[in-house]
Amino acid sequence: MNIETRLQSILNRSLNRHVPGIVVLIESGDGEFSWTGTAGAVSADQQYFIASTTKLFTTAILLRLHNERKADLDTQIGAILSREMIEGVHRCKGHECSQLITIRQLLSHTSGLPDYFQDRCDGSTLQSQLIHGHDKAWDIHDVLTAVKRMKPKFLPNTPNRAYYSDTNFQLLGLIATTITGKPISDLYDDFIIRSLGLRSTYLYTDPTDHRPLPLNYKDAPLLIPKAMASFGPDGGIVSTSRDSIRFLKGFFGGEIFPEQFFTEMKNWNRIFFPLQYGMGIARFKLPWFFSPFQRVPELIGHSGLSGAWAFHAPEKDLYVAGTVNQIANPGRPFHLICRLISCF
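Here our numbering is used: the first residue of the sequence shown is 1, the next is one more, and so on.
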(Lines of atoms letter the chains of each structure in order from A and count residues from 1; the text may use other names and numbers.)
(Lines give C-alpha, C1' and ligand atoms only; values in the text may rest on other atoms or scores of the structure.)
Protein backbone atom coordinates (compact mmCIF):
# COMPACT_ATOMS: atom_id res chain seq x y z
CA MET A 1 0.00 0.00 0.00
CA ASN A 2 1.55 3.33 -1.05
CA ILE A 3 1.60 6.33 1.24
CA GLU A 4 -1.24 8.15 -0.52
CA THR A 5 -3.52 5.14 -0.12
CA ARG A 6 -2.62 4.85 3.57
CA LEU A 7 -3.33 8.54 4.15
CA GLN A 8 -6.69 8.34 2.38
CA SER A 9 -7.62 5.25 4.39
CA ILE A 10 -6.98 7.17 7.61
CA LEU A 11 -9.28 9.97 6.47
CA ASN A 12 -12.03 7.57 5.45
CA ARG A 13 -11.92 5.81 8.82
CA SER A 14 -12.12 9.16 10.62
CA LEU A 15 -15.56 10.01 9.26
CA ASN A 16 -18.56 9.60 11.56
CA ARG A 17 -21.82 11.37 12.34
CA HIS A 18 -19.91 14.12 14.16
CA VAL A 19 -17.36 14.52 11.35
CA PRO A 20 -19.19 14.46 8.01
CA GLY A 21 -16.29 15.97 6.07
CA ILE A 22 -12.50 16.30 6.27
CA VAL A 23 -9.97 18.07 4.08
CA VAL A 24 -6.20 17.78 4.58
CA LEU A 25 -3.11 18.91 2.70
CA ILE A 26 0.33 17.55 3.55
CA GLU A 27 3.38 18.95 1.79
CA SER A 28 7.13 18.62 2.18
CA GLY A 29 9.27 21.71 2.57
CA ASP A 30 10.70 21.36 -0.92
CA GLY A 31 7.28 20.64 -2.44
CA GLU A 32 8.40 17.29 -3.86
CA PHE A 33 5.64 15.58 -1.92
CA SER A 34 2.21 17.19 -1.91
CA TRP A 35 -0.98 15.32 -1.13
CA THR A 36 -4.51 16.64 -0.75
CA GLY A 37 -7.07 14.33 0.76
CA THR A 38 -10.80 14.69 1.32
CA ALA A 39 -13.42 12.48 2.87
CA GLY A 40 -17.14 12.99 3.08
CA ALA A 41 -19.06 16.05 1.95
CA VAL A 42 -16.20 18.48 1.33
CA SER A 43 -14.07 19.43 -1.67
CA ALA A 44 -10.31 19.94 -1.83
CA ASP A 45 -10.66 23.68 -2.41
CA GLN A 46 -13.35 24.19 0.24
CA GLN A 47 -13.07 27.44 2.19
CA TYR A 48 -13.46 26.99 5.95
CA PHE A 49 -13.13 28.93 9.19
CA ILE A 50 -9.60 28.54 10.52
CA ALA A 51 -10.67 30.00 13.91
CA SER A 52 -7.71 30.57 16.26
CA THR A 53 -5.22 29.66 13.55
CA THR A 54 -5.91 33.31 12.67
CA LYS A 55 -3.56 34.14 15.55
CA LEU A 56 -0.62 33.19 13.33
CA PHE A 57 -1.70 35.88 10.88
CA THR A 58 -2.05 38.46 13.65
CA THR A 59 1.33 37.45 15.08
CA ALA A 60 2.91 37.94 11.65
CA ILE A 61 1.44 41.45 11.44
CA LEU A 62 2.85 42.50 14.83
CA LEU A 63 6.26 41.02 14.05
CA ARG A 64 6.27 42.77 10.69
CA LEU A 65 5.47 46.09 12.40
CA HIS A 66 8.20 45.37 14.95
CA ASN A 67 10.71 44.70 12.18
CA GLU A 68 9.72 47.98 10.51
CA ARG A 69 10.31 49.77 13.84
CA LYS A 70 6.66 50.75 14.12
CA ALA A 71 5.89 48.63 17.18
CA ASP A 72 8.50 47.51 19.71
CA LEU A 73 7.46 44.26 21.37
CA ASP A 74 8.29 45.58 24.82
CA THR A 75 6.18 48.72 24.44
CA GLN A 76 3.52 48.95 27.13
CA ILE A 77 0.02 49.11 25.69
CA GLY A 78 -0.71 52.23 27.75
CA ALA A 79 1.63 54.08 25.39
CA ILE A 80 -0.55 53.10 22.41
CA LEU A 81 -4.13 52.75 23.61
CA SER A 82 -6.15 55.34 25.51
CA ARG A 83 -6.34 55.13 29.28
CA GLU A 84 -10.12 55.32 29.28
CA MET A 85 -10.35 52.31 26.98
CA ILE A 86 -8.07 49.90 28.83
CA GLU A 87 -8.19 51.01 32.47
CA GLY A 88 -9.66 48.22 34.56
CA VAL A 89 -9.01 45.31 32.21
CA HIS A 90 -6.29 44.03 34.55
CA ARG A 91 -6.68 44.76 38.26
CA CYS A 92 -4.87 42.08 40.23
CA LYS A 93 -3.92 41.87 43.90
CA GLY A 94 -4.56 45.55 44.41
CA HIS A 95 -2.53 46.60 41.36
CA GLU A 96 -3.86 48.37 38.26
CA CYS A 97 -1.73 46.69 35.61
CA SER A 98 -3.75 47.42 32.48
CA GLN A 99 -1.41 50.01 30.99
CA LEU A 100 1.75 48.07 31.89
CA ILE A 101 1.03 45.01 29.74
CA THR A 102 3.39 44.74 26.77
CA ILE A 103 2.87 43.58 23.19
CA ARG A 104 5.23 40.66 23.89
CA GLN A 105 3.09 39.55 26.83
CA LEU A 106 -0.05 39.67 24.71
CA LEU A 107 1.59 37.57 21.99
CA SER A 108 2.83 34.98 24.50
CA HIS A 109 -0.32 34.84 26.65
CA THR A 110 1.69 35.94 29.69
CA SER A 111 -0.40 39.06 30.34
CA GLY A 112 -2.64 37.31 32.86
CA LEU A 113 -5.74 38.69 31.15
CA PRO A 114 -8.89 36.56 31.36
CA ASP A 115 -10.43 35.12 28.21
CA TYR A 116 -13.55 36.97 27.08
CA PHE A 117 -14.63 33.88 25.13
CA GLN A 118 -14.17 30.96 27.52
CA ASP A 119 -14.21 32.58 30.97
CA ARG A 120 -17.43 33.29 32.83
CA CYS A 121 -19.05 36.69 32.81
CA ASP A 122 -22.44 37.18 34.47
CA GLY A 123 -22.78 33.45 35.09
CA SER A 124 -22.10 32.03 31.63
CA THR A 125 -19.41 31.95 28.98
CA LEU A 126 -19.70 33.43 25.51
CA GLN A 127 -18.60 30.06 24.13
CA SER A 128 -21.47 28.31 25.90
CA GLN A 129 -23.99 30.80 24.57
CA LEU A 130 -22.78 30.33 21.01
CA ILE A 131 -22.68 26.53 20.97
CA HIS A 132 -26.27 26.55 22.20
CA GLY A 133 -27.23 28.55 19.13
CA HIS A 134 -27.46 32.04 20.61
CA ASP A 135 -25.65 33.88 17.83
CA LYS A 136 -24.55 37.41 18.63
CA ALA A 137 -22.18 40.11 17.44
CA TRP A 138 -19.62 42.08 19.45
CA ASP A 139 -16.75 44.51 19.01
CA ILE A 140 -13.59 45.39 20.94
CA HIS A 141 -15.52 47.68 23.28
CA ASP A 142 -17.86 44.81 24.22
CA VAL A 143 -14.82 42.57 24.79
CA LEU A 144 -13.11 45.03 27.12
CA THR A 145 -16.34 45.78 28.99
CA ALA A 146 -16.77 42.06 29.68
CA VAL A 147 -13.12 41.56 30.66
CA LYS A 148 -13.32 44.41 33.18
CA ARG A 149 -15.91 42.33 35.04
CA MET A 150 -13.61 39.28 35.12
CA LYS A 151 -10.78 38.43 37.47
CA PRO A 152 -7.23 38.38 36.01
CA LYS A 153 -5.31 35.11 36.31
CA PHE A 154 -1.96 36.51 37.52
CA LEU A 155 0.22 39.60 37.35
CA PRO A 156 1.68 40.31 33.89
CA ASN A 157 4.86 38.38 33.12
CA THR A 158 4.70 36.19 36.22
CA PRO A 159 7.55 33.66 35.77
CA ASN A 160 6.51 30.31 34.26
CA ARG A 161 2.87 31.36 33.95
CA ALA A 162 0.79 31.58 30.79
CA TYR A 163 -2.96 31.60 30.28
CA TYR A 164 -4.42 31.23 26.80
CA SER A 165 -6.74 34.19 26.30
CA ASP A 166 -8.45 35.41 23.15
CA THR A 167 -8.54 38.83 24.79
CA ASN A 168 -4.81 39.16 24.14
CA PHE A 169 -5.29 38.94 20.39
CA GLN A 170 -8.30 41.24 20.38
CA LEU A 171 -5.98 43.83 21.92
CA LEU A 172 -3.21 43.04 19.43
CA GLY A 173 -5.61 43.71 16.58
CA LEU A 174 -6.57 47.03 18.15
CA ILE A 175 -2.90 47.93 18.63
CA ALA A 176 -2.06 47.14 15.00
CA THR A 177 -4.93 49.26 13.70
CA THR A 178 -4.09 52.11 16.09
CA ILE A 179 -0.44 52.17 15.02
CA THR A 180 -1.11 51.99 11.28
CA GLY A 181 -4.49 53.69 10.99
CA LYS A 182 -5.70 50.74 8.90
CA PRO A 183 -8.33 48.06 9.63
CA ILE A 184 -6.85 44.70 10.52
CA SER A 185 -8.38 43.24 7.34
CA ASP A 186 -6.32 45.68 5.25
CA LEU A 187 -3.17 44.71 7.13
CA TYR A 188 -3.79 41.02 6.42
CA ASP A 189 -4.28 41.92 2.75
CA ASP A 190 -1.23 44.19 2.51
CA PHE A 191 1.32 42.15 4.46
CA ILE A 192 0.19 38.57 3.89
CA ILE A 193 -2.64 37.73 1.53
CA ARG A 194 -1.53 39.62 -1.56
CA SER A 195 2.20 39.18 -1.02
CA LEU A 196 1.89 35.39 -0.64
CA GLY A 197 -0.73 35.03 -3.37
CA LEU A 198 -3.44 33.59 -1.13
CA ARG A 199 -6.41 33.48 -3.47
CA SER A 200 -9.05 32.05 -1.14
CA THR A 201 -8.18 33.69 2.18
CA TYR A 202 -9.91 36.66 3.79
CA LEU A 203 -11.17 38.03 7.08
CA TYR A 204 -14.81 37.10 7.57
CA THR A 205 -16.78 40.29 8.32
CA ASP A 206 -20.14 39.82 6.61
CA PRO A 207 -22.67 37.53 8.36
CA THR A 208 -24.52 37.10 5.05
CA ASP A 209 -21.42 35.54 3.45
CA HIS A 210 -22.18 31.83 2.92
CA ARG A 211 -18.92 30.79 1.24
CA PRO A 212 -17.24 29.10 4.26
CA LEU A 213 -18.13 25.54 5.22
CA PRO A 214 -20.78 25.70 7.99
CA LEU A 215 -19.45 24.73 11.41
CA ASN A 216 -20.60 21.60 13.22
CA TYR A 217 -21.27 21.04 16.90
CA LYS A 218 -21.71 17.35 17.68
CA ASP A 219 -24.11 16.00 15.03
CA ALA A 220 -25.71 19.26 13.89
CA PRO A 221 -24.67 22.39 11.99
CA LEU A 222 -23.83 25.40 14.16
CA LEU A 223 -24.86 28.59 12.39
CA ILE A 224 -23.28 31.56 14.16
CA PRO A 225 -22.36 34.02 11.38
CA LYS A 226 -22.63 37.11 13.59
CA ALA A 227 -20.10 35.63 16.00
CA MET A 228 -17.76 34.50 13.24
CA ALA A 229 -17.82 38.04 11.84
CA SER A 230 -16.85 39.38 15.28
CA PHE A 231 -13.78 37.29 16.15
CA GLY A 232 -11.50 39.30 13.88
CA PRO A 233 -7.82 39.14 14.96
CA ASP A 234 -8.29 36.23 17.36
CA GLY A 235 -10.21 33.88 15.08
CA GLY A 236 -11.99 35.36 12.08
CA ILE A 237 -10.07 34.28 8.99
CA VAL A 238 -11.45 32.00 6.27
CA SER A 239 -8.99 30.00 4.18
CA THR A 240 -8.34 26.70 2.39
CA SER A 241 -5.84 23.94 3.06
CA ARG A 242 -3.80 25.04 0.03
CA ASP A 243 -3.64 28.67 1.14
CA SER A 244 -2.87 27.59 4.71
CA ILE A 245 0.17 25.63 3.56
CA ARG A 246 1.37 28.55 1.45
CA PHE A 247 0.95 30.83 4.47
CA LEU A 248 2.82 28.42 6.76
CA LYS A 249 5.76 28.28 4.38
CA GLY A 250 5.85 32.06 4.20
CA PHE A 251 5.48 32.37 7.97
CA PHE A 252 8.31 29.97 8.80
CA GLY A 253 10.40 30.85 5.75
CA GLY A 254 11.02 34.52 6.48
CA GLU A 255 8.73 35.95 3.81
CA ILE A 256 6.72 38.08 6.26
CA PHE A 257 9.22 38.77 9.05
CA PRO A 258 12.86 37.74 9.63
CA GLU A 259 13.46 34.11 10.54
CA GLN A 260 15.78 35.08 13.40
CA PHE A 261 12.70 36.10 15.40
CA PHE A 262 11.98 32.40 15.96
CA THR A 263 14.71 32.17 18.59
CA GLU A 264 12.65 34.23 21.03
CA MET A 265 9.32 32.98 19.69
CA LYS A 266 10.19 29.47 20.91
CA ASN A 267 10.36 30.29 24.62
CA TRP A 268 7.65 27.82 25.57
CA ASN A 269 5.18 27.93 28.45
CA ARG A 270 2.57 25.28 29.23
CA ILE A 271 -1.02 26.33 28.56
CA PHE A 272 -3.01 23.08 28.51
CA PHE A 273 -1.79 19.55 27.85
CA PRO A 274 -0.21 18.74 25.48
CA LEU A 275 0.14 22.27 24.09
CA GLN A 276 2.76 24.86 24.92
CA TYR A 277 2.78 28.44 23.75
CA GLY A 278 5.64 30.65 22.69
CA MET A 279 5.37 34.13 21.22
CA GLY A 280 2.41 33.88 18.89
CA ILE A 281 2.91 30.19 18.07
CA ALA A 282 1.81 26.93 19.67
CA ARG A 283 3.75 23.70 20.08
CA PHE A 284 2.22 20.23 20.19
CA LYS A 285 4.56 17.63 21.65
CA LEU A 286 3.56 14.33 23.22
CA PRO A 287 5.73 12.70 25.90
CA TRP A 288 7.41 9.54 24.61
CA PHE A 289 5.30 7.24 26.80
CA PHE A 290 2.13 8.29 24.93
CA SER A 291 3.58 6.77 21.76
CA PRO A 292 6.52 4.55 22.83
CA PHE A 293 6.77 2.57 19.58
CA GLN A 294 6.58 5.47 17.13
CA ARG A 295 7.48 8.88 18.44
CA VAL A 296 5.27 11.74 17.27
CA PRO A 297 7.43 14.68 16.14
CA GLU A 298 6.79 18.12 17.55
CA LEU A 299 4.36 20.28 15.62
CA ILE A 300 4.64 24.07 15.58
CA GLY A 301 1.85 26.32 14.36
CA HIS A 302 -1.72 26.68 15.58
CA SER A 303 -5.13 25.08 15.74
CA GLY A 304 -8.64 26.42 16.21
CA LEU A 305 -11.83 25.48 18.00
CA SER A 306 -13.50 24.94 14.61
CA GLY A 307 -11.38 21.81 14.14
CA ALA A 308 -8.95 23.55 11.77
CA TRP A 309 -5.17 23.50 12.07
CA ALA A 310 -1.94 24.54 10.35
CA PHE A 311 1.31 23.00 11.61
CA HIS A 312 4.92 22.50 10.61
CA ALA A 313 6.76 19.33 11.67
CA PRO A 314 10.40 20.54 11.55
CA GLU A 315 11.97 17.11 12.14
CA LYS A 316 10.27 15.70 9.05
CA ASP A 317 10.08 19.03 7.19
CA LEU A 318 6.38 18.49 6.60
CA TYR A 319 3.57 21.01 6.58
CA VAL A 320 0.04 19.87 7.35
CA ALA A 321 -3.18 21.88 7.27
CA GLY A 322 -6.87 21.12 7.14
CA THR A 323 -10.04 20.81 9.15
CA VAL A 324 -12.37 18.23 10.65
CA ASN A 325 -14.88 21.07 11.08
CA GLN A 326 -16.09 19.93 14.50
CA ILE A 327 -16.22 22.13 17.59
CA ALA A 328 -17.24 19.53 20.18
CA ASN A 329 -13.92 17.70 20.51
CA PRO A 330 -10.84 19.98 20.38
CA GLY A 331 -8.52 16.97 20.57
CA ARG A 332 -9.91 15.34 17.42
CA PRO A 333 -7.60 17.16 14.95
CA PHE A 334 -4.51 16.14 16.92
CA HIS A 335 -5.45 12.45 16.91
CA LEU A 336 -5.85 12.69 13.14
CA ILE A 337 -2.61 14.61 12.59
CA CYS A 338 -0.62 12.07 14.64
CA ARG A 339 -1.99 9.20 12.58
CA LEU A 340 -1.24 11.00 9.32
CA ILE A 341 2.29 12.02 10.30
CA SER A 342 3.06 8.45 11.43
CA CYS A 343 2.88 7.40 7.76
CA PHE A 344 6.13 9.24 7.02
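Yeah, the Cβ is synthetic: ideal placement off N, Cα and C, and Gly gets one too.
Source: prediction; values computed, not measured.
Collapsed DSSP secondary structure at F344 in the structure displayed: coil
As assigned by DSSP and simplified to three states, the class of Y217: strand
Residue of M279, N325, F334 minimising C-alpha distance to V296: F334
C-beta contact flag for L198 and I61 at 8 Å: no
Ranges of the alpha helix (DSSP H) found wholly within the segment 109-173, counting only runs of at least 4: 126-131, 140-147
Alpha-carbon spacing of I256 relative to R120, whole angstroms: 36 Å
Own chain residues within Cβ distance below 6 Å of R339, not counting five before or after: I10
Local conformation of M77 per DSSP, three classes: Reading off the sequence shown, one finds Ile at residue 77, where the question assumed Met. Residue state, collapsed to three classes: helix.
Proximity below 8 Å, CB of G304 to CB of H312: no
Alpha-carbon spacing of D166 relative to M1, whole angstroms: 43 Å
Cβ separation of I337 and S306, assumed to be a contact under 8 Å, to the nearest whole Å: In fact, because the Cβ distance is near 15 Å, the residues do not count as touching under 8 Å.
Cβ neighbour criterion (16 or more within 10 Å) applied to A146: buried
Euclidean distance between Cα positions of I131 and I224: 8 Å
Host beta strand (DSSP E) of S34 (start-end): 34-40
Span of the beta strand (DSSP E), counted from its first residue to its last, around Q276: 275-277
Runs of beta strand (DSSP E) lying entirely within the segment 222-262, each at least 3 residues, in chain order: 237-239
Contacting residues, own chain, Cβ-Cβ under 6 Å from Y164 (five flanking each side not counted): H109, I271
Neighbourhood of D135 by C-beta distance below 8 Å, restricted to the same chain and skipping five residues each side: L223, I224, P225, K226, A227
Proximity of I237 and I50 at Cβ, strictly below 8 Å: yes
Cross-strand partners of S351 (DSSP beta bridge): The structure shown has nothing for residue 351, since the chain only spans 1 to 344.
F191, buried or exposed, once every other Cβ within 10 Å from all chains shown has been counted against 16: buried
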